[in-house]
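In the numbering used here, the protein residues as written are 677 to 1057. See below for the structure under consideration.
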Amino acid sequence: RITDIHQVENAARYLGTALYWIAASVNIRPGRDYYFYIRAVNQVGKSAFVEAKGQASNDAAGYLDFFKGQITESHLGKELLEKVDLTEDNASRLDEFSKEWQDANGKWNAMWGVKIEQTEDGRHYVAGLGLSMEDTPDGKASQFLVAADRIAFINPQNGNQTPGFVMQGDQITMNEVFLKYLSAPTITSGGNPPAFSLTPDGRLAAKNADISGHINATSGALNNVVIAEDCAIQGTLRAERILGDIVKAVGKEFPYFREPSTGAKRYASGTLTVQIDDDQSFDRQIIIPPINFQGSYYGRSDTWDTCTLEVRRNGALIYSGTSSSVPESYGATLDMPAGGGIVTLTFSVSTRGNSTGWPNSRISDLILMVVKKSTAGIRIS
677 RITDIHQVEN AARYLGTALY WIAASVNIRP GRDYYFYIRA VNQVGKSAFV EAKGQASNDA
737 AGYLDFFKGQ ITESHLGKEL LEKVDLTEDN ASRLDEFSKE WQDANGKWNA MWGVKIEQTE
797 DGRHYVAGLG LSMEDTPDGK ASQFLVAADR IAFINPQNGN QTPGFVMQGD QITMNEVFLK
857 YLSAPTITSG GNPPAFSLTP DGRLAAKNAD ISGHINATSG ALNNVVIAED CAIQGTLRAE
917 RILGDIVKAV GKEFPYFREP STGAKRYASG TLTVQIDDDQ SFDRQIIIPP INFQGSYYGR
977 SDTWDTCTLE VRRNGALIYS GTSSSVPESY GATLDMPAGG GIVTLTFSVS TRGNSTGWPN
1037 SRISDLILMV VKKSTAGIRI S
């Protein structure tokens, strides 16, 4: 890539002037970025260069057809693949060739090789190999070509006869491969169906994957997933059901007797019941913020109305308090061990009058929270 657009004419390879261009060359490789610089030229003048980036096709079959044309048009390819008429059927011929020449355009060419040809039942067979050096429009091109049904490499050390590399037909088989860089539009593992596959459109399928490091995805679905450590959600979380370390809270107003004519609250009277299911695998705590309640005092007659609050846990009384003119308050933190069963809390408030007419009392709303019992990140000293 040319970072300074003013250096295009000096640093880039000139392709020519035309209405459009198709870049095709043995020097263009798949899987790599190539940068092209184009400008418009007319009678008015020349525009500035515009940069365009592209990659060669990843069609392996297309590349094989391309190289087929390169090989069959070369001097060595013609020498190896050209059929020689044998005078008799079921005949055989072995030729070794060595040539060096300069054509009319001053291009040097040299090649050497050996070739075996046979005919049998009217069919022609050829095997051979050759080396060549030819002048091409892209410069010097050296070739090593082999024409055979099977090509194999064998390491005969310690009597070994198993090949490490075999090409037969249109397939290559290797025992072990160490590659610095691999460009493969499709990758498929063994198994029926394959346990792993990667398609040209980027679709990855794996029956069992152990992935470490960074994963970046913009969409998808996960089932039965465990997040072992912290998770940061910067967007919106929508959960149909949540189990775990979370605060649950409820709140409700205590019952009141109201004046029939106005509907105004006169005195607190009634019961609220809270049931907490034992549906978690960890210990929890029930937090009851202060409940304030108070009766009324009448100074002229030196009488008062009393307000009483009683709290029971699974039927057992855990608090009882009465207030007249001085406010009273109840708040608590109750342990709820996992596996201890359902906890039922009842909050009963009543008012007793000691004056003529309806009594007066008041009580704040009931608020109750259930949290996981944990001291992580919190210290009290």
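From the three backbone atoms N, C-alpha and C, an ideal C-beta is built for every residue, glycine too. These numbers come from a predicted model, not from an experiment.
| Check | Outcome |
| --- | --- |
| Where the beta strand (DSSP E) containing tyrosine 713 begins and where it ends | 709 to 714 |
| Inter-residue Cα distance where the pair is phenylalanine 933 and threonine 1020 | 25 Å |
| Beta-carbon gap between serine 995 and glutamate 1004 smaller than 8 Å | Serine is not the amino acid found at residue 995; the sequence shown has tyrosine there. The answer is no: Cβ separation not under 8 Å. |
| CB of tyrosine 1000 within 8 Å of CB of glycine 1033, strictly | Correcting the residue type first, residue 1000 is serine in the shown sequence and not tyrosine. No, Cβ-Cβ distance for serine 1000 and glycine 1033 is not below 8 Å. |
| Cβ-Cβ distance between isoleucine 1043 and glycine 927 below 8 Å | yes |
| Span of the alpha helix (DSSP H), counted from its first residue to its last, around glutamine 794 | Per DSSP, glutamine 794 belongs to no alpha helix (DSSP H); it is in the beta strand (DSSP E), 784 to 796. |
| Histidine 751, enclosing alpha helix (DSSP H) - first and last residue | 751 to 757 |
| Residue environment, aspartate 981, which counts as buried when at least 16 other CB atoms sit within 10 Å | buried |
| Three or more C-beta pairs below 8 Å linking the stretch 1011 to 1019 and the stretch 946 to 959 | yes |
| For alanine 1025: DSSP bridge partner residues | Reading off the sequence shown, one finds valine at residue 1025, where the question assumed alanine. Partner(s): Gly946, Leu985. |
| Three-way DSSP call (helix, strand, coil) for alanine 687 in this model | helix |
| Cβ neighbour criterion (16 or more within 10 Å) applied to threonine 812 | exposed |
| Backbone CA spacing between threonine 748 and valine 901 [nearest angstrom] | 57 Å |
| Cross-strand partners of isoleucine 1043 (DSSP beta bridge) | Gly927 |
| Check: valine 726 C-beta below 7 Å from any heavy atom of the ligand NAP | The model on display carries no ligand, and the ligand NAP is accordingly not part of it. |
| Backbone secondary structure at tyrosine 739 - three-state DSSP | helix |
| Limits of the beta strand (DSSP E) - the one that tyrosine 995 falls within | 992 to 999 |
| Validate contact between the stretch 703 to 714 and the stretch 725 to 741 using beta carbons, cut 8 Å, 3 pairs | yes |
| DSSP state of glutamine 778 mapped onto helix, strand, coil | strand |
| Spatial neighbours of glutamine 951 in its chain, beta-carbon cut-off 7 Å, leaving aside the 5 residues before and after | Ile1018, Thr1020 |
| Minimum length 3: unbroken beta strand (DSSP E) runs contained in the stretch 834 to 912 | 839 to 844, 847 to 850, 872 to 874, 880 to 882 |
| Residues bridged to tryptophan 980 [DSSP beta-bridge criterion] | Tyr973 |
| Whole-angstrom distance between serine 1024 and asparagine 1036, CA atom to CA atom | 17 Å |
| Closest residue to tyrosine 739 among Pro861, Leu880, Gly1053, Asn1030 (Cα-Cα distance) | Pro861 |
| Candidates Val726, Glu852, Asp825, of which the one nearest aspartate 846 by Cα | Asp825 |
| Which of helix, strand or coil DSSP assigns to glycine 804 | strand |
| Nearest to glycine 1022 (by Cα), restricted to the options Lys1048, Leu993, Gly997 | Note that residue 1022 corresponds to threonine in the displayed sequence, not to glycine. For the residues Lys1048, Leu993, Gly997, the minimum Cα distance to threonine 1022 belongs to Leu993. |
| Simplified DSSP assignment, three categories, for glycine 920 | coil |
| Rounded C-alpha distance that separates asparagine 718 from phenylalanine 725 | 14 Å |
| Residues that DSSP places opposite valine 717 in a beta bridge | Lys722 |
| Length of the line joining the Cα atoms of lysine 1048 and serine 945 | 33 Å |
| For phenylalanine 841, the nearest candidate out of Gly835, Met850, Asp771 (CA to CA) | Met850 |
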